[in-house]
Amino acid sequence: MRNIKEVLRLKYQIGLSNRQIADSLRVAHSTVSDYLQKAKAAGISWPLPEGLSDQALESRLFARSQLPAKKDRAQPDYAYLYDELRSFRNVNLTLDLLWREYKEQNPEGYQYSQFCENYRQWLGKLDYCMRQEHRAGEKVFVDYAKGLSIVNPLTGELTTTHLFVAVWGASNYTYAEASLSQDLSCWIGSHVRALDHFGCSPRLIVPDCLKSGVSQACFYEPEINPTYADFAQHYGMAVLPARPKHPRDKAKVETGVLIAKRWILAVLRHRTFTSLAELNAAIRELLPALNGRLLRKMKKSRKELFETLDRPNAQALPERSYEYAEWKKATVNIDYHIEIDRHYYSVPFQWIREKLDVRVTASGSA
């Protein structure tokens, strides 16, 4: 306790910061803050009264702790605050307004500074992926993981599948399915089925820099695969690839992949599947349980958060699902026709010898 006087002297006579005082006296920064807060609460100012002993100073400083404890203040609902701030970011909702509403209901509650500090401490205890405050309805993160194997019932040959995972930014609501490859048609097909499952679409789709979705990993402006861009345009979305060497960009989906492995692949690990359809049927059965589990810190499930955060702020789906299409180069012949996969299509004669980008759908039409 001999440091109390020195803390007060260094603070009010010398003008050092709390951290400088802590470094000077070789004590914890929190100890300095505690002494100064207690001195302020006890009405102790500098310079100290002449002849005030260390023992008398200590008694005055810590006398408040010996008083009967006051009734505990009403604790704010931090999960509610978190949801409100994410849901209404578009109207610039602030902690100040939420604190005022809290004080109206709890006049003896925390003052604003302590209210904010308590919220920050609660926020710090959330999982890292949950702390990223994504706008409700704004983003879906997508990626692949290694999936389970399918057994050929005739030959016993094993085929390893790929687990596609899509995770909403605000709610962590998750969709997963298995595919036989990561080629473009499987990649797009999984996206379409994910959006059909969600019943709505985000404004941004965030893939890792996968070859199926991004032609090359560029730091500033990734060249989006034209088919992927066409798919996104159909749903009124934009593609925003995760940036290389920016782990925060990938944290959401990497956590989603981990959860999908834990609550889907691990559960199914001892089962034998002989077809992709059988495997995906088993995955679909487990999705409600995955999304229905309560998140301990939030006290709500991914499904509940999705229904209250992402879905109300997401975009409606178009009337028809996206039909897979590829883009090809073609040169217009002198008979003003182009050849695509041994089929010929007429174009305006003014385009003779022009090079065209041709969109070819899965049904074969151009």
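Everything in the sequence shown is counted per my numbering, starting at 783 for the first residue and increasing by one.
Built from N, CA and C at the ideal position, the CB exists for glycine as well.
All of these numbers come straight from a predicted model, not from anything done at the bench.
Does the beta-carbon of W1223 have 16 or more other beta-carbons within 10 angstroms, so that it is buried, or is it exposed?
Lying outside 783 to 1148, the shown extent of the chain, residue 1223 is not represented and no answer is given.
Using C-beta distances below 7 Å, list every residue in its chain close to E883, excluding the 5 sequence neighbours before and after it, in chain order.
none
Expressed to the nearest angstrom, what Euclidean distance is found between the alpha-carbon atoms of S972 and D1117?
40 Å
How would you call G1074, buried or exposed, if buried means at least 16 neighbouring beta carbons within 10 angstroms?
exposed
Is the number of C-beta pairs between the segment 1048-1066 and the segment 924-932 that are closer than 8 Å three or more?
yes
Applying the 10 Å Cβ sphere with the 16-neighbour rule, what's the burial state of D1139?
exposed
Buried or exposed for W1133, please, with buried defined as at least 16 other CB atoms from any protein chain shown within 10 angstroms of its CB.
exposed
Contacting residues, own chain, Cβ-Cβ under 7 Å from V1039 (five flanking each side not counted)
D925, A927, V947
Can you give me the C-alpha to C-alpha distance between F985 and R1093, rounded to a whole angstrom?
Residue identity differs from the one stated: residue 985 is Arg in this sequence, not Phe. So the two alpha carbons sit approximately 12 Å from each other.
Got a sec, what are the start and stop residues for the beta strand (DSSP E) I987 sits in?
986-989
Euclidean distance between Cα positions of T1056 and S1128
45 Å
Roughly how many angstroms lie between the CA atoms of D990 and I970, to the nearest whole one?
14 Å
Apart from the five residues on each side of it in sequence, which residues of its chain come closer than 8 Å, Cβ to Cβ, to V1049?
L1068
Can you have a look at G906 and say buried or exposed, based on whether 16 or more other CB atoms are within 10 angstroms of its CB?
exposed
Which residue from R975, H944, N954 puts its Cα closest to that of A960?
H944
Nearest-angstrom Cα separation, counted from T1009 out to A1144:
12 Å
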